[in-house]
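Below is one structure, written out as structure tokens, with a few remarks after it.
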Amino acid sequence: MKDLQAEIQLLKQKRKAIILAHNYQLDEVQEIADFVGDSFYLSKVATGIECEVIIFCGVKFMAETAKILAPDKVVLLPENDAGCPMADMITEEDLRKLKNAYPGAPVICYINSSAAVKAESDVCCTSSNAVKVVSSLPDRQVIFVPDKNLGTYVSQRLPAKEMVLWPGHCVTHAQIKVSDVEAVRARHPQAQILVHPECDPSVVALADFAGSTSEIINYAERSAAKAFIIGTEMGVLHKLKALRPDSQFLLLHPGLVCPNMKKTRLRSVYEALRNSQHEITVDEDLARRARTALGRMLEMAK
Ligand code: 13P
Ligand code: SF4
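Take a look at the structure:
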């Protein structure tokens with residue numbers, strides 16, 4: 001493993017590459033990355049980065065977003081089939097039909113979506129800025145795709161908005177049930193329960209805090225509590241344990257492992273650098289339209 005890490009560092013310099021990793025990546029991948037964070041942070045990093053190659057350790061929509069925001073860079077996704085089932089729950093065709101059914105309503109698309117869906121949208125958002133983005137729009141009625149749970153989370157905080165939601169969801173977060181929260185509260189009454197807004201609204205309602213992966217990490221870092229129950233993918237435990245070695249962390253559900261996020265290993269990063277694989281390309285017209293929607297998000301969420 002040490003040899004592979006050293007090889008990666010050498011290749012990285014040779015290729016003038018930067019490694020970005022999402023908070024859900026394996027510990028070994030987070031450790032060799034130059035930047036680790038949530039999807040909003042990684043989008044901002046990709047926009048301003050100085051390098052020739054971006055190795056994106058995450059899932060396809062994230063690497064595609066980096067390519068759209070940094071079109072002059074070579075963007076590589078180490079595992080070609082690391083996708084996001086939620087992003088696949090809506091197509092551009094579905095979205096066009098929805099737009100026809102609600103003419104005039106602007107479309108906000110969660111960044112967990114394809115480039116084609118972003119291109120059909122007015123503005124993108126991530127879980128850390130969804131409320132801010134939706135509240136910045138003057139329209140009362142808005143279309144929000146594809147995550148119904150994040151959409152519900154936003155609509156509960158912005159009751160004046162009429163939000164048309166699409167029934168997409170994250171299969172990993174959907175496993176958490178109210179009974180899991182009740183059981184953990186009974187067993188660990190002092191612990192803080194921190195969840196991602198991709199969880200079912202009934203679960204979010206019982207939590208002490210809901211936020212993006214980085215917001216969960218920041219919350220725990222600053223909290224006076226010493227025990228935390230985490231309702232998001234287990235990759236966040238890596239940073240949490242490093243930042244709060246004095247605290248106890250438990251997962252709200254044993255199945256909180258995103259199989260797609262876990263495909264990337266040190267070996268995949270090494271192969272990606274050595275063989276320039278797998279290069280992300282986005283059709284120019286789609287990229288231009290998707291860039292507008294992403295650019296509006298970056299502007300609104302500043
Ligand atoms: P964040 O934007 O919080 O990093 O979440 C991305 C994601 O895919 C959550 O499942
Ligand atoms: Fe997609 Fe869920 Fe995995 Fe996030 S955790 S990448 S939403 S499948």
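For the sequence shown, counting from 1, position 64 maps to 64 in the working numbering; every step adds exactly one.
In this text, a Cβ means the ideal position worked out from N, Cα and C, and glycines have one as well.
Values in this document were obtained by computation on a predicted structure and should not be read as measured data.
Sequence-distant Cβ neighbours of residue 255 in its own chain, meaning closer than 6 Å and more than five residues away, are 175. When the Cα atoms are used, residue 129 and residue 224 turn out to be separated by approximately 25 Å. Its Cα nearest to that of residue 212, the residue 195 stands out among 227, 201, 195, 203. The continuous beta strand (DSSP E) containing residue 162 extends over residues 162-165.
The closest heavy atom of the ligand 13P lies less than 7 Å from the beta carbon of residue 38. Under DSSP, residue 17 shares a beta bridge with 53. Within the region 165-253, the complete alpha helix (DSSP H) segments of 4 residues or longer fall at 178-187, 201-204, 213-222, 237-243, listed in chain order. Between the C-alpha atoms of residue 103 and residue 5 there is a straight-line separation of about 52 Å. Residue 157 counts as exposed, since fewer than 16 other beta carbons sit within 10 angstroms of its beta carbon. Going by DSSP, residue 75 is part of the beta strand (DSSP E) stretching over 74-76. Near the ligand SF4, meaning a beta-carbon closer than 7 Å to one of its heavy atoms, we find 24, 59, 84, 85, 86, 87, 112, 170, 171, 172, 173, 198, 233, 258, 260, 261. Within 7 Å of the C-beta of residue 128 there is at least one heavy atom belonging to the ligand 13P.
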